[in-house]
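Everything below concerns the one structure shown next.
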Amino acid sequence: MNYDRQIQVELKGVFQKVGVAFNPLGINQFVSKPISELYDPQTFHFQHWNPEIFPELAPVFEADEIEEKRDLLDQLFENRFRSNSDLEIVQQAVSLIFNTFGTIQVDELSLQIGVNRKTLLRHFKKHLGCSIEEYKKVVKFRTSIQAASNNGLKNLTEVSLYSLYYDQSDFTNRFKELTGQAPGAFFASIQKMGEEDIFWKFDE
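Last residue of the sequence shown: 217 in my numbering, with the numbers rising by one and none dropped.
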């Protein structure tokens, strides 16, 4: 639940990690309360399933084959799935934000979805734990990473134009705001692992 700051994690020793990548609002389908009520805004800890989930996770880590791990995780989440019609407004908003690379204005979102601005802002904060403007910044940020990594755009001017930043200065300032680094240094330091658009930055 982090949209606007860096988190540094120090890893010691050998560890086994299983990561689950959710699409936007994906995790909301597996919890009984709005996301905004389920995490600590200071530490970002999400403990909704603890400790009852631990016995179910043990076989996942014990499984040798990735396919077996996948099937066990599928079953784990199937057991927790719950349809949530209250998410429809936010789902529409998120789709429009992604389709416009984070450039659509709140008033236009409200108009296209057919709800008033106040209702839209309230639902967004409730189910995503952030404001629309914070979310738009992250979408543009991720768009630029994907442009540089997946589309082969290595020239920073091309990346900033593709990601629809106002200008090069805006592009640089937003990156420093989120990462503490200029875009060039950041792109040189990240690695993509697996098939999902998940990027890692390792410091020795």
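Virtual Cβ for every residue (Gly too), placed ideally from N, Cα, C.
Values in this document were obtained by computation on a predicted structure and should not be read as measured data.
* Asked: Any idea what DSSP makes of Lys214, helix, strand or coil?
  -> strand
* Rounded C-beta distance between His136 and Leu38? I'm assuming under 8 Å. -> 11 Å between Cβ atoms; not a contact.
* To do: Would you kindly report the start and end of the unbroken beta strand (DSSP E) that includes Ile79?
  => It is not in any beta strand (DSSP E) - Ile79 instead sits in the alpha helix (DSSP H) that spans 79-91.
* Asked: With distances taken between CB atoms, is the gap from Asn125 to Leu109 smaller than 8 Å?
  -> Note that residue 125 is Gln in the sequence shown, not Asn. Yes, the Cβ-Cβ distance between Gln125 and Leu109 is below 8 Å.
* To do: Indicate whether Gly115 and Val152 have their beta-carbon atoms separated by less than 8 Å.
  => yes
* **DSSP-derived helix/strand/coil call for Tyr179** => coil
* To do: State yes or no: is the C-beta of Phe199 within less than 8 Å of the C-beta of Thr192?
  => yes
* To do: Determine the DSSP secondary structure at Lys46, reduced to helix, strand or coil.
  => coil
* Using DSSP bridges, identify the partner residues of Phe184. => Phe184 pairs with nothing; no bridge assigned.
* To do: Measuring alpha carbon to alpha carbon, tell me which of Cys143, Ser123, Arg93, Phe111 ends up nearest Ser49.
  => Cys143
* Asked: Where does Phe199 fall in DSSP's three states?
  -> helix
* Asked: Is Arg187 near the ligand ADP, in the sense that its beta carbon is under 7 Å from a heavy atom of that ligand?
  -> Absence of the ligand ADP is noted for the structure shown, with no ligands found whatsoever.
* Asked: So what's Phe35 in DSSP terms, helix, strand or just coil?
  -> coil
* Asked: What did DSSP end up calling Phe28 once you bin it into helix, strand or coil?
  -> coil
* Asked: By the 10 Å Cβ neighbour count, where 16 or more other Cβ atoms means buried, how is Leu24 classified, buried or exposed?
  -> exposed
* How would you label Lys149, buried or exposed, when you count the other beta carbons within 10 angstroms and need 16 or more for buried? -> buried
* To do: Out of Asn186, Leu169, Ala106, point me to the one whose CA is closest to Lys138's CA.
  => Ala106
* **Neighbour-count burial assignment, Arg130, 16 or more Cβ in a 10 Å radius** => exposed
* If you draw a straight line from the C-alpha of Val128 to the C-alpha of Ala71, how long is it? -> 44 Å
* Asked: Taking the Cβ atom as the reference point for each residue, do Gln194 and Phe188 lie within a distance shorter than 8 Å?
  -> yes
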